[in-house]
Every structure is written in structure tokens, then in C-alpha cells.
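First the structure, in the form of C-alpha cells, and then the observations on it.
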Amino acid sequence: MSESAPLTIDQPGQAASATPPAPGRSRRLSDRWLAGAFISPALLLLLAMSVFPLLWALYLSFTDYSATRGGPAHFVWFENYTAILTSAQVHLRAFTTLIYVVGAVALQTTLGFTIAYLISRRTHGRGLLTTLFLVPMMLSPVVVGLFWRFMLDAQFGVINSMLGSLGLGQVEWLTQQGTALLSLIVVDTWQWTPFIMLIALAGLTAVPKYLYEAASIDRASEWFRFRTITLPLVWPLLLIAVLFRAIEAFRLFDLVYILTSGGPGVSTETLSFHVYKVAFLGFNTGTASAYGILMVLIVLVLTQLYLRYLNKLKED
Amino acid sequence: MPGRTARLATAAMLVVTTMAACGGGEDDGANASAPKAPATIPELTKDPLTLSFIWFDWPPAHALEDFANAEYTKERSNVTIKVKTVPNANWHDAMFTQFAARKTDFDIPILDSQHIGEAVTNGNILDITDFVKKNIDVKAYNPYLLAAYGQYPQAETGKRDENASLYGLPLLGDTWTMIYRKDLIGDKPPQTWDEMISVAEKCQADNPGVSGLAFHQANGSDAAAVTYNTVNGVYGGNLWDAKSRKIDGVVNDAAGQEAMDVLVNKMKPLTAKGSGNWFIDEVNAAVAQGKACIAFNWIAASGGLLDPKQSTLGTTREQILDKLGFAPLPSQKTNLVPLGGMGMHVSAYSPKANQAEALNFMKWFERADIQKKWAAAGGVPSRTDALESPEFLNAGPFNKVYTDSVSRMRDMWNVPEYARLIDIENTNVNAALNGAKKPKDALDDIAKEQQAVLDSSGRKGGGGL
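Chains A and B supply the protein sequences, listed in that same order.
Here this note's numbering is used: position 196 in the first sequence is 196, and no number is missing along the way.
Here this note's numbering is used: position 187 in the second sequence is 1187, and no number is missing along the way.
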């Protein structure tokens, strides 16, 4: 193996453009080999931490395996999937999750965009205001859940104390069916509105100024400028933010766990919280795996439809 | 084509790893029952060793670590005791996810009595029957206490089956105590459940801002379920027929319905607004802040009530005790009280040296002199001599309540499906208490759903929903 030996070339067409190795480099250390060596740790990590668990869960979803009972996993094929899709318990949790996702994302989008719009119109203190608004997003959901739990406490909480000082009655925020889900939506909105705001602000600041200047020359009203310039240009970016938030909201677990434990009864149990119970109370690992796979599939299908809509919007 | 080769190699690797993992799973079935501990304690190591417990985070856990490090190390100076704690709601999951991995970072899991069935069936803890025969004076205990914290299959209420296997020994005894405001309702505690309700009603009416009752209602852990089970027992109901494994028609019979009616329609209106998610800490807070006439809580969690730093009832322990009284639960059709507390067990996955040390610790802990010291340190012992000792009875005003309640205790179901049974009961009782379900519907749903869990225990696929 002399140093002057030519490189092994995978595709003849690339022969003319192939860079010769630096003098002294081992013949084995081709660019392709080096590239492979550099990406292999990340690739192996991805395979071990994401791809393999997903495939393993897929396999378990067709079995009756229980992590605590041990023993061989017997194939039950689609029985887990059938049981989940026909379960009234699951339908109830799916409905709760749907209300939560729609309520939280709609509120966050409206508030986030409004705040971003107001901030974008300021010339001074924009950076400081943006930083302050982003603080809730930086906190751990568990910490957020715990302090909101104290604030929403019917007896000792600051929210009811404030309502009391206004002459209003006590509200059982976390223990009544009508208010518990609303409380979850409010807390999630408090934490994640800044995310929508941030994306919307990026979109708003990217709108070319000459468009507004041209509109001003034409004496276009504020509303007309918003409707025909601002919104259409920011809309695609906002929809991506909505997509991220909807996926996150769909997976909601931590706030439910801390604030309501799914109560009263099971009225705030989301799909993720229910999967947790199936997986770790009864240790029905096979069923829980199928449940998780179905949730991933739902997110994938809805995301695909959404992205197609976004692409169509872009083409138009 | 290297791109194609790489894709094929990746796919092959995934298939191989998946197959390897599948193969590993099949071997797990070999160990499906609890392995036996030796009758005699093996030779103990002289090397430094940390003996780890796992429990939930509450005062007795910290008391145990301090007590064991102070006393056990006098005899075993190379040993350090570590009590790992997790939030109460994660307690079962924290232990059983490690059991599922067949590897534990604890040597002595402290199990609720109802967890024993699940741990034994899965082979997670050692069978210590022979060890107990050789090392423990079983006659020193009330037989039911020994059975409740160690026997499987579950003992009949109040009894012990001497032929059954033992998997644990008592660590901390417990039951509910009634905590009442002597300054508001008088020195004499109510004797019957109906009397207790009417006294609480009058107290609430006479003292604006103070609620008549405070008790566990949360839907986490076993909070709301224990409350219903207690009222169910007092009003003559049963949770199930253990022999026929029948729940539907038993828990929701006439006595069960009456108990649910009493709980939701008579007791709940006497509680503070928004108390539908209260558990141990919230009930204690209400008592300490003078916001409840009568409350129910676990004895082992009541120590903080006498701390002037945490109370508005007085600036000294004596002042607080002038206002607070502790009594056994009132009776009605029966005098049953809930069995609380936990036993200590040995992890089947601990190293042999740690298992030997764990057995030695258990033998040491169950000695008469150590049980009395444990009582003096704030623990609730289980040996009869310790329960009747001045060390225990003088250690806290609620300790006599425990001694008087031992013969009245009733446990829940100790079966592998316990975690799901308790969740069904918790969520439904919590729903009834917070107006999300009608009491009768909630009870019927409990019966139907719990029965389905028991009936589907051998089901292939779709279980757990």
C-alpha cells in the first residue's frame, strides 16, 4: 500500500472532482471514512436512544408483555390496538385532550400574537420586554405546576384571596369539573404564550418596511395594513409555532400530574396521563406500548396533513 | 453502493438488537416466584456497607434513618443506613419500576401491606418464612400485625395463617386517629360515627371560619379510597369476598351504599371549600391553623401537630395539647379502623452481602429493647410488649390510640392487581366527593371496574385500560 496509490472512488463520475489526500494521511482515512467516523457517535446514540426503543415498543405493542410479571412475551397481534381503539375510557381521555389542546393552543396563539404585535410596534425597550415575557418558558413545568397549585388553592391561594378582596366568592379551581381543566389551560397558557410570541415576533420583524411605507403613501388604514400585509406574511410562521405547541399540548403530562392528578375523578386525565397509569400502575407494558404507538401515529398523521396545508399556503 | 450497504447494515443491526432483546425477555420467566432467604443469617461483611431503604418522604422515614444510624451502628460500625425517599404518589412506581428492571438501588423496600402480593408474585422480594421461624419471636406480636405486614396470600381480617409464607416483618404500625378540638367540642370525644357528624355540624355552625371536618379526599395515592373504606367498614360494609374474588355486589351492597351516602352527603358538606384534593399534609395544616373541629389522619404523620412552630393553636406543646385531643375512631355498626403502616422486605436483586445485612437488621430491629427505643424515637412499633410500654405510650398523645386500635384493624385487598384497584376506587370516590359523579354511580362504577380488573387478570392483551 504505497502512499501514491489512488483513492478508492465510489462513483466514477466523481473521479475528476475527488480531492487527493493530504500528504502523510493514511490511505484508509478517506473523507467518506472520516465523515462516517464523525457522525457515527451521534448516529449510534440516536439508534440506541430513539430508534431502538421505538422498535422495541412497536414489538411489545403486539404482545401481552408485562415488565414486572416478566415471563415470555406472547404475541396477541392487534388485540391491544383493538382494545384501545374501542375503549370508552380511552375515548373519554381523547375528548379531554382535544378540549385541552384546542383551548390552550387557541388562547396561546391569540395572546402570543397580540403581545408580539404590540412589542413589534415599540422602538424602545423591545429587548427587555421580550426577555421578561420569556421568563415563564424557561421554568420547569413541575416548578410551574407547584407554585400554581399553591396560588390556585381554594383556601389559602393568592388568586382566591384577590377575588375575595374584590368582593367575589371563593372558586374551587382544581377540584371542580368545570374549573379544573380551565385551570390547566390557563397555567399552560401562562407558561407557553411566550413561545408563540417569540416566533410571531420573529415573523413581524421580518416584514419588509417598504411594504408599510407604500401602504402609508396609499393612505391605507391600520386595519387594512394588518389584514393585507402583516397577517399574510406572518401567518405561515405562526402556523409552525401552532404546530409545535399542539404537539406539545397533546403530550401534556407534568402539569396534570402536579396540579390535579387527573381529577376530580378522571375529568382532567389526558391521554399521556392515562398511558402512564396503564404502564406503571398495572404494568400492562404491551397495552401501554400500543397506546404510545397510536399516539405517535396520530401526531404523525396530523402533522403530515398540517404540513401539506402549509406547503399549499406557501405555493399560493 | 455504500449508501445502500449502510442502510442494509443499519437495518440488520436493528433487527439483531431487537431479536437479542426479545430473547432476553423470554429468560425472565424463570424466576416467577419469590426466592427463599436463608434460615440462618450468613456471615456478615466487615467492609464498609451502605444498607439502603426506599420509602416515601414523610417524618417516619427521616426518623428511621436517624434512629438506625444512631443505634444499629453501635453493633455494626461498618454499616451506614440510607433511607431513600420519593414523593408519596411515586412510591409504588419507584419501587416496582426497579423491580421490573431486575436491579434495585435499595436493599430493603418498605412496602405497603397491599403491595406484597404484587412483589411476591413477580419474585421481587425474598421469602423469609424460614428466617422468621429461626430468628423472630412471633408470639411477641398480635398475629394480625405479623400477617398484615408479611403474609401472602392475605390473611383473614384479625387472624394469621401460621402455614402461610412470610415475606416481610413490621417496620411501622399505623392507623387513623381522630383529632378533635377540646376547646370547641369538649374533652369527651364522640363515640359513634353519627354522633361525630352531629358534633362536627354543631361546631361548624358555632364557629364561623372553622370547618366541621377535615379528611383525605385527594385522588392520588390511596387518599380518598382509604376514607371511603373506613366509612364502609364502620357502617358494616365489605370491600370484597376474598374467597370468591367477588367485588361487584359486595362493595356496593346496601351497607356500602349507606357508607357512600354518609361520606358524600353528610360528611363532605362539613369540610372546607376546595378540600377535595386534601391528603395528609393539607389535613394537618387545617388542624394546625385551627381551621377544623374534627380531623382524621394517620398517627405516624401527626407528630408535627404538636410543634408550636407549625401551629397557631399555642406557643408550647402543652398549650396545643390543651386544645387538641386524640382518640380512636368512633364506631357505628362495627368498630373497624383502617390498617396503615408498612413492613420491611428484602430485595431479591440486592447483592448477597447486602441481603445478609438486611436480614441482620431485621432481626435486630424486632428485638424487644430496640422496638422500645424505636417507639421512644417517634416510631410506632408492632411488638405487643413495646406497644404497651411506657416508652411508647408516653412518647406521644396519639400512641395510646394506636395500642387501643390494634384489635380493630382491617386491611384492603392484598393482590397483585392492588395498584389498579386502588386507582379505580380513588378516582371514583374523589369524583363523588367533588360532584363529578353521583355517589351511587361512583360506587357502582367502582364495583364494576374493580371486578373487571380481577376477572381479567389472566387476559391476553388489552389489559390495564
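Using N, Cα and C, we set each Cβ at its ideal position, and we do this for glycine too.
Everything numeric in this text was worked out from a predicted model, so none of it was measured.
Check the Cβ of B/Leu1270 against every Cβ in chain A and list those closer than 9 Å, keeping chain order.
Residue numbering aside, residue 1270 of chain B sits at position 270 when the second sequence is read from its first letter. Those do not exist, as B/Leu1270 stays about 15 Å from chain A at its closest Cβ, beyond 9 Å.
Going by DSSP, what residue range makes up the alpha helix (DSSP H) through B/Pro1109?
Along the second sequence, read from residue 1 onward, the residue named residue 1109 of chain B stands at position 109. From DSSP, B/Pro1109 is part of no alpha helix (DSSP H) but of the beta strand (DSSP E) over Ile1108 to Asp1112.
Do you know offhand how far B/Trp1278's Cα is from B/Asp1307's?
Working through the second sequence from its first residue, we reach residue 1278 of chain B at position 278. Working through the second sequence from its first residue, we reach residue 1307 of chain B at position 307. Cα to Cα, the separation comes out at about 21 Å.
B/Lys1437 CB to nearest chain A CB: under 8 Å?
If you number the second sequence from 1, residue 1437 of chain B lands on position 437. Yes - at least one Cβ of chain A is within 8 Å of the one on B/Lys1437.
Whole-angstrom distance between A/Gln170 and A/Ser161, CA atom to CA atom
Within the first sequence, the letter at position 161 stands for residue 161 of chain A. Within the first sequence, the letter at position 170 stands for residue 170 of chain A. So the alpha carbons of these two residues sit roughly 8 Å apart.
contact_flag[the region 222 to 233 of chain A, the region 173 to 180 of chain A] where n(CB pairs < 8 Å) is 3 or more
no
Alpha carbon to alpha carbon, how far is A/Ala249 from A/Ser267? Give it in angstroms, no decimals.
What you label residue 267 of chain A is simply residue 267 of the first sequence in a count that begins at 1. What you label residue 249 of chain A is simply residue 249 of the first sequence in a count that begins at 1. Cα-Cα distance, rounded: 17 Å.
Looking only at C-alpha atoms, which of B/Thr1121, B/Ala1101 and B/Leu1051 sits nearest to B/Ser1077?
Working through the second sequence from its first residue, we reach residue 1077 of chain B at position 77. If we check each option's Cα against that of B/Ser1077, B/Leu1051 comes out closest.
Using the Cα positions of A/Phe273 and B/Gly1464, report the straight-line distance between them to the nearest angstrom.
Here the question's residue 273 of chain A lines up with position 273 in the first sequence. Here the question's residue 1464 of chain B lines up with position 464 in the second sequence. Straight-line Cα distance between these residues: approximately 13 Å.
Report yes if the C-beta distance between B/Phe1053 and B/Ile1125 is below 8 Å; otherwise report no.
By one-based count along the second sequence, residue 1053 of chain B stands at place 53. By one-based count along the second sequence, residue 1125 of chain B stands at place 125. No; because the gap between Cβ atoms is not below 8 Å, this pair is not in contact.
Could you tell me if A/Trp33 is buried or exposed, where buried requires 16 or more neighbouring beta carbons within 10 angstroms of its beta carbon?
Here residue 33 of chain A corresponds to residue number 33 of the first sequence, with the count starting at 1. It is exposed - the Cβ of A/Trp33 has fewer than 16 other Cβ atoms within 10 Å.
Sorted by chain position, which residues of the same chain lie with C-beta nearer than 7 Å to A/Ile258's C-beta, five sequence neighbours on each side aside?
As a working mapping, residue 258 of chain A is identified with position 258 in the first sequence. Answer for A/Ile258: Val142, Gly145, Leu146 and Arg149, listed in chain order.
Which same chain residues end up closer than 7 Å to B/Lys1373 when comparing Cβ atoms and leaving out the 5 residues on each side of it in sequence?
Counted from its first residue, the second sequence places residue 1373 of chain B at position 373. Hits under 7 Å: Glu1071.
Against chain B, does A/Gly292 count as a neighbour if the rule is that its beta carbon must be under 8 Å from one of theirs?
By one-based count along the first sequence, residue 292 of chain A stands at place 292. Chain B, which has no Cβ nearer than 8 Å to the Cβ of A/Gly292, makes this no.
For B/Asn1031 and B/Ile1247, I'd like the C-alpha separation in whole angstroms.
The residue given as residue 1031 of chain B occupies position 31 in the second sequence. The residue given as residue 1247 of chain B occupies position 247 in the second sequence. Its pLDDT being 38, under 50, B/Asn1031 is placed unreliably by the model, and the measurement read from it follows with that caveat. The alpha-carbon atoms of B/Asn1031 and B/Ile1247 are separated by roughly 31 Å.
Can you name the start and end residues of the alpha helix (DSSP H) that B/Asn1229 belongs to?
Position 229 of the second sequence holds residue 1229 of chain B. That run of the alpha helix (DSSP H) goes Ala1223 to Val1234.
Chain B within 8 Å of A/Pro136, Cβ atoms only:
Walking along the first sequence from the start, residue 136 of chain A turns up at place 136. With 8 Å as the cut-off, A/Pro136 does not count as an interface residue toward chain B.
Helix, strand or coil: which one does DSSP assign to B/Pro1390?
By 1-based counting over the second sequence, the position of residue 1390 of chain B is 390. Helix at B/Pro1390.
So which residues on chain B does A/Gly164 lean against when the C-beta distance must stay under 7 Å?
Start at 1 with the first residue of the first sequence, and residue 164 of chain A comes out as number 164. By Cβ distance, chain B contributes nothing, its closest Cβ being about 12 Å from A/Gly164, past 7 Å.
Would you say the region 1337 to 1349 of chain B touches the region 1239 to 1258 of chain B, given that touching needs at least three Cβ pairs under 8 Å?
no
Of all the CB atoms in chain B, is at least one closer than 8 Å to the CB of A/Ala200?
Here residue 200 of chain A refers to the residue found at position 200 when the first sequence is read from its first residue. No, A/Ala200 lies away from the interface with chain B (no Cβ there is under 8 Å from its Cβ).
Taking the alpha helix (DSSP H) that A/Arg149 belongs to, which residues open and close that run?
Mapped onto the first sequence, residue 149 of chain A falls at position 149. Pro141 to Met151 is the span of the alpha helix (DSSP H), which, as asked, contains A/Arg149.
Since B/Leu1465 meets chain C, which of its residues come closer than 7 Å, beta carbon to beta carbon?
This model lacks chain C altogether; the protein chains it does include are A and B.
Are B/Ala1377 and B/Ala1063 closer than 8 Å when you measure CB to CB?
The residue given as residue 1377 of chain B occupies position 377 in the second sequence. The residue given as residue 1063 of chain B occupies position 63 in the second sequence. Yes, the Cβ-Cβ distance between B/Ala1377 and B/Ala1063 is below 8 Å.
CB contact check: A/Asn338 to chain B, cutoff 8 Å
What the structure shows of chain A is the stretch from 1 to 316, and residue 338 of chain A is not part of that stretch, so it cannot be assessed.
I believe A/Thr63 touches A/Ala73 by the beta-carbon criterion, under 8 Å. Please report the beta-carbon distance rounded to the nearest angstrom.
Looking up residue 63 of chain A in the first sequence gives position 63. Looking up residue 73 of chain A in the first sequence gives position 73. Contact flag correct, Cβ pair sits at about 4 Å.
So B/Gly1168 and B/Gly1303 are in contact, right, with Cβ under 8 Å, and what is the actual spacing, rounded?
Residue mapping note: residue 1168 of chain B aligns to position 168 of the second sequence, counting from 1. Residue mapping note: residue 1303 of chain B aligns to position 303 of the second sequence, counting from 1. 24 Å between Cβ atoms; not a contact.
Run the proximity test for A/His124: is its beta-carbon closer than 7 Å to any non-hydrogen atom belonging to the ligand FMN?
Only the bare structure without any ligand can be found here, which leaves the ligand FMN out of the picture.
Does any residue of chain A have a CB that is nearer than 8 Å to the CB of B/Thr1192?
On the second sequence, position 192 is the one that residue 1192 of chain B refers to. B/Thr1192 does not count as touching chain A.
What are the boundary residues of the beta strand (DSSP E) that B/Lys1084 is part of?
Counting from 1 along the second sequence, the entry for residue 1084 of chain B is found at position 84. Per DSSP, B/Lys1084 belongs to the beta strand (DSSP E) from Val1079 to Val1086.
So for B/Thr1018, helix, strand or coil by DSSP?
On the second sequence, residue 1018 of chain B is found 18 positions in, with the first residue counted as 1. Residue placement at B/Thr1018 is flagged as unreliable, the pLDDT there being 48, under the threshold of 50; a coordinate-derived value is accordingly withheld.
Any 3 or more C-beta pairs closer than 8 Å across the region 1213 to 1230 of chain B and the region 1151 to 1165 of chain B:
no
May I have the straight-line CA-CA distance separating B/Gly1220 from A/Glu222, to the nearest angstrom?
As a first step, residue 1220 of chain B must be located in the second sequence, where it is residue number 220. As a first step, residue 222 of chain A must be located in the first sequence, where it is residue number 222. For B/Gly1220 and A/Glu222, the distance between alpha carbons rounds to 53 Å.
Which of the three DSSP states is assigned to B/Asn990 in this structure?
Since the displayed chain B opens at 1001 and closes at 1465, residue 990 of chain B lies outside it and no answer follows.
Enumerate in chain order the residues of its own chain whose CB-to-CB distance from B/Met1260 is below 6 Å, with the five nearest sequence positions on each side excluded.
Position 260 of the second sequence holds residue 1260 of chain B. For B/Met1260, where only same-chain residues beyond five positions count, the Cβ hits under 6 Å are Pro1439 and Leu1443.
Can you give me the C-alpha to C-alpha distance between B/Asp1112 and B/Val1415, rounded to a whole angstrom?
Position 112 of the second sequence, counted from the start, is the residue given in the question as residue 1112 of chain B. Position 415 of the second sequence, counted from the start, is the residue given in the question as residue 1415 of chain B. Approximately 12 Å between the Cα atoms of the pair.
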